[in-house]
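Student: In this note's numbering, the protein residues as written are 101 to 685.
Just so you know, even glycine gets a beta-carbon here, dropped at the ideal spot from N, CA and C.
This structure is in structure tokens; I'll ask about it shortly.
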């Protein structure tokens, strides 16, 4: 139960609802237990009439009165049972809502490296399946536990007050049941943890397969993927069956022990009635009903124990993520206003997950309103520079200054709010094109959205769709071509109107003619803004105020287009190579 202590704060939050639920449960059980008492009284009335102790008129009146009391108690018990479920089960739904929000908020707090080391399917499983198991504990598990305790306390009080010796014999099997549950619960806990881990692996595999379905089909590896899925499914099935076998022990044990209790009631109670230790025959019938009424709570004891074990296993998996601290922390909670002046001073950076040394002593500066182009071979560290400006990672050594202030001393959220970032791989959400562009500015009007789309040279493509800006995109924007996705992503950054623009090779999927149009719009829109463009094309870099060329994490060339063209090196060679390719076309 140690792991489940995490949700005690939610029980405290909804304590008044729970207290009301407990009171309702106790009242419901009190009225429920009137049923055997009135039934026992009715049997005693019948026995008295059979013995000639009362007249027919008295018999009919007392029997009718007992039946009315029995029906009234049943109706009231049913009403309070309904209210009990409405109160306690609703609390579990509220806890589920709060816990899911807590997990989601934690997911957003955690740094980028966290997502590189954890699979999406596993993350999804913890916020869905694992939370559902915890909800079962907080709802049905808690409700049936309260129900069982209330029923036992009230029932045993009535039973001891009526026939204490018979009560002791009736509850004799319960200690045996407790011991068995203790040992079986430990096994269930262990197997529940394994089942949840297997389910996470299956979810992660499935999510990855669906995301990469185009690659799977293109390489005709459906049989191989199916074989991998089958292997995980078989493993999951075996673990589920293994757990089910242990759970299956509970119900037969309940039936056996309740059956023994019934036999003891009939045998011991019968002997006591014969010996005159019990005065009324109705007491035996009353005890048999008590025992059978206790059957369901005792039977649910095993089920509740199983729920608790599964919930603890799930909460343990949830706590693993909730206890993680983000590597990137906001050290300044005061508002930070940015102008856009950027300076790198001897920056070194190594990726923590791969130990790849991406930057080795990088130094450069960009003044407010200037445009910097970064070029270089694949893996030279171009995208890493943009990641560091957005503070997706912290530095290994050196300094990054924004407006003369170390980047880690700025308010993290203000920093990122003042950056319009277009990544290499444009990511669009399964929503309308309008909302995908509005993502950069929540209060944007349709005129703002249209203007941004025109600047990104994608407006004419959007209006050709049947539903225009209301077109719903498929997962990851699959409805659009690569170039269209990039341009919608650019529009999303432009509409934000930030102080700093970061474009990470975002025109690689468009032709040179479209590229020229977009670049003209970008330079116009970004006038007065600090702009950094990562590119492989000279056409994208030549109009920048400054250009740096990277190789193996170091700056090997820097200057304007004219300066770099006047010297031998990577930039001029790249220019001549791209010009010759144009001429060949």
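#1: In three-state terms, what does DSSP make of residue 526?
#2: Specify whether the region 440-451 and the region 465-475 touch according to this definition: at least 3 beta carbon pairs, one from each stretch, less than 8 Å apart.
#3: Cα-Cα, which of 349, 434, 185 is closest to residue 122?
#4: Compute the Euclidean distance between the alpha carbons of residue 640 and residue 303, then round it to the nearest angstrom.
#5: Would the region 195-206 count as touching the region 418-428 if we require 3 or more Cβ pairs under 8 Å?
#6: At the level of alpha carbons, what is the spacing between residue 451 and residue 349?
#7: What is the rounded straight-line gap between the Cα of residue 111 and the Cα of residue 240?
#8: Closest Cβ-Cβ distance between residue 667 and chain C: below 7 Å?
#9: Taking only runs of the alpha helix (DSSP H) that begin and end inside the region 510-592, which ones reach a length of at least 4 residues, in chain order?
#10: Can you check which of these residues, 378, 515, 176, is closest to residue 135 by C-alpha distance?
#11: Which residues does DSSP pair with residue 464 in a beta bridge?
#12: Count the C-beta pairs between the region 650-658 and the region 476-494 that are closer than 8 Å, then say yes if the count reaches three, no if not.
#13: Taking the straight line between their C-alpha atoms, what separation do you get for residue 548 and residue 595?
#14: When the Cβ atoms of the region 517-524 are set against those of the region 595-614, are three or more pairs found closer than 8 Å?
#15: Hey, which unbroken runs of the alpha helix (DSSP H) at 4 residues or more fall wholly within the region 294-377?
#16: Taking three-plus beta-carbon pairs below 8 Å as touching, is the region 185-197 in contact with the region 403-414?
#17: For residue 186, which beta-bridge partners are listed by DSSP?
#18: Cβ of residue 248 within 7 Å of Cβ of residue 397?
#19: Of the residues 659, 235, 220, which one's Cα is nearest the Cα of residue 197?
#20: Could you say which of 237, 454, 631, 599 lies nearest to residue 517 if we only look at CA atoms?
#21: Taking DSSP as the reference, what is the three-state secondary structure of residue 483?
#22: Quick check on this structure: which residue in 104, 107, 168, 181 has the alpha carbon closest to the alpha carbon of residue 124?
#23: Need the endpoints of the alpha helix (DSSP H) that residue 385 sits in, please.
#24: Given a cut-off of 7 Å on the beta-carbon distance, is the pair residue 130 and residue 254 in contact?
#25: For the alpha helix (DSSP H) that contains residue 262, what are its first and last residues?
#26: Would you mind sorting residue 414 into buried or exposed? The rule is 16 or more other CB atoms within 10 Å of its CB.
#27: Tell me the DSSP secondary structure of residue 266 in three-state form.
#28: Please report how far the alpha carbon of residue 216 lies from the alpha carbon of residue 482, in whole angstroms.
#29: Hey, quick one: how far does the beta strand (DSSP E) through residue 649 stretch, first residue to last?
#30: So, using beta-carbon positions, are residue 225 and residue 300 closer together than 7 Å?
#31: Please report the straight-line C-alpha distance between residue 325 and residue 295, rounded to a whole angstrom.
#32: What is the DSSP secondary structure of residue 497, counted as helix, strand or coil?
#33: Which value, in whole angstroms, describes the spacing of the CA atoms of residue 188 and residue 564?
#34: Looking at C-alpha atoms only, which residue of 336, 293, 328 is the closest neighbour of residue 309?
#35: Looking only at its own chain, which residues have a Cβ that is under 7 Å from the Cβ of residue 593, when we skip the five neighbours before and after it?
#36: Hey, how far is the Cα of residue 173 from the Cα of residue 256?
Tutor: Working from what's here:
#1: Taking the first residue of the chain shown as 1, we reach residue 526 at position 426. DSSP places residue 526 in coil when its eight states are reduced to three.
#2: Segments in contact, yes.
#3: The residue you call residue 122 lines up with position 22 of the chain shown. For the residues 349, 434, 185, the minimum Cα distance to residue 122 belongs to 185.
#4: Position 540 of the chain shown, counted from the start, is the residue given in the question as residue 640. Position 203 of the chain shown, counted from the start, is the residue given in the question as residue 303. Going from the Cα of residue 640 to the Cα of residue 303 covers about 42 Å.
#5: Between the region 195-206 and the region 418-428, the count of C-beta pairs closer than 8 Å reaches three or more; the two stretches touch.
#6: The residue labelled residue 451 in the question sits at position 351 within the chain shown. The residue labelled residue 349 in the question sits at position 249 within the chain shown. Approximately 51 Å between the Cα atoms of the pair.
#7: Along the chain shown, one-based indexing puts residue 111 at 11. Along the chain shown, one-based indexing puts residue 240 at 140. Rounded to the nearest angstrom, the two C-alpha atoms are 14 Å apart.
#8: Absent here is chain C; the protein component of the structure consists of one chain.
#9: 512-517, 533-538, 546-555, 559-562
#10: Numbered from 1 along the chain shown, position 35 holds the residue referred to as residue 135. Comparing Cα positions, the closest option is 176.
#11: The residue labelled residue 464 in the question sits at position 364 within the chain shown. Residue 464 is bridged to 444.
#12: yes
#13: Against the chain shown, residue 548 aligns to sequence position 448. Against the chain shown, residue 595 aligns to sequence position 495. Distance between the alpha carbons of residue 548 and residue 595 is about 7 Å.
#14: yes
#15: 313-318, 322-347, 350-374
#16: The region 185-197 is not in contact with the region 403-414.
#17: Taking the chain shown and counting its residues from 1, the one referred to as residue 186 is at position 86. Answer is none; residue 186 lacks a bridge partner.
#18: The sequence position of residue 248 within the chain shown is 148, counting from 1. The sequence position of residue 397 within the chain shown is 297, counting from 1. Result yes, Cβ atoms of residue 248 and residue 397 sit closer than 7 Å.
#19: What you label residue 197 is simply residue 97 of the chain shown in a count that begins at 1. Nearest C-alpha to residue 197: 235.
#20: As a first step, residue 517 is located in the chain shown; it is residue number 417 there, counting from the start. Nearest C-alpha to residue 517: 599.
#21: To locate residue 483, count along the chain shown from 1; it is residue 383. Three-state result, residue 483: helix.
#22: Residue 124 sits at position 24 when you count from the first residue of the chain shown. Residue 181 is the option with its Cα nearest to residue 124.
#23: Position 285 of the chain shown, counting from 1, holds the residue named residue 385. Run containing residue 385: 382-393, per the alpha helix (DSSP H) assignment.
#24: By one-based count along the chain shown, residue 130 stands at place 30. By one-based count along the chain shown, residue 254 stands at place 154. Result yes, Cβ atoms of residue 130 and residue 254 sit closer than 7 Å.
#25: Position 162 of the chain shown, counting from 1, holds the residue named residue 262. Looking at the DSSP string, the run of the alpha helix (DSSP H) that includes residue 262 is 242-262.
#26: For the purposes of this step, residue 414 is taken as residue 314 along the chain shown, with counting starting at 1. Classification of residue 414: buried, given that the 10 Å Cβ count is 16 or more.
#27: Translated into positions along the chain shown, residue 266 becomes position 166. In this structure, DSSP gives residue 266 a helical state, which the three-state scheme calls helix.
#28: Counting from one through the chain shown, the residue named residue 216 turns up at place 116. Counting from one through the chain shown, the residue named residue 482 turns up at place 382. Straight-line Cα distance between these residues: approximately 19 Å.
#29: Start at 1 with the first residue of the chain shown, and residue 649 comes out as number 549. That run of the beta strand (DSSP E) goes 646-651.
#30: For the purposes of this step, residue 225 is taken as the residue at position 125 of the chain shown. For the purposes of this step, residue 300 is taken as the residue at position 200 of the chain shown. The answer is yes: Cβ separation under 7 Å.
#31: The residue labelled residue 325 in the question sits at position 225 within the chain shown. The residue labelled residue 295 in the question sits at position 195 within the chain shown. Distance between residue 325 and residue 295, taken at the CA atoms: about 22 Å.
#32: For the purposes of this step, residue 497 is taken as residue 397 along the chain shown, with counting starting at 1. Reduced to three states, the DSSP call for residue 497 is strand.
#33: As a working mapping, residue 188 is identified with position 88 in the chain shown. As a working mapping, residue 564 is identified with position 464 in the chain shown. So the alpha carbons of these two residues sit roughly 54 Å apart.
#34: Numbered from 1 along the chain shown, position 209 holds the residue referred to as residue 309. When only C-alpha atoms are compared, the closest one is 328.
#35: Looking up residue 593 in the chain shown gives position 493. Once the five neighbours on either side are set aside, the close Cβ partners of residue 593 are 520, 521, 522, 540, 601.
#36: Against the chain shown, residue 173 aligns to sequence position 73. Against the chain shown, residue 256 aligns to sequence position 156. C-alpha separation (whole angstroms): 19 Å.
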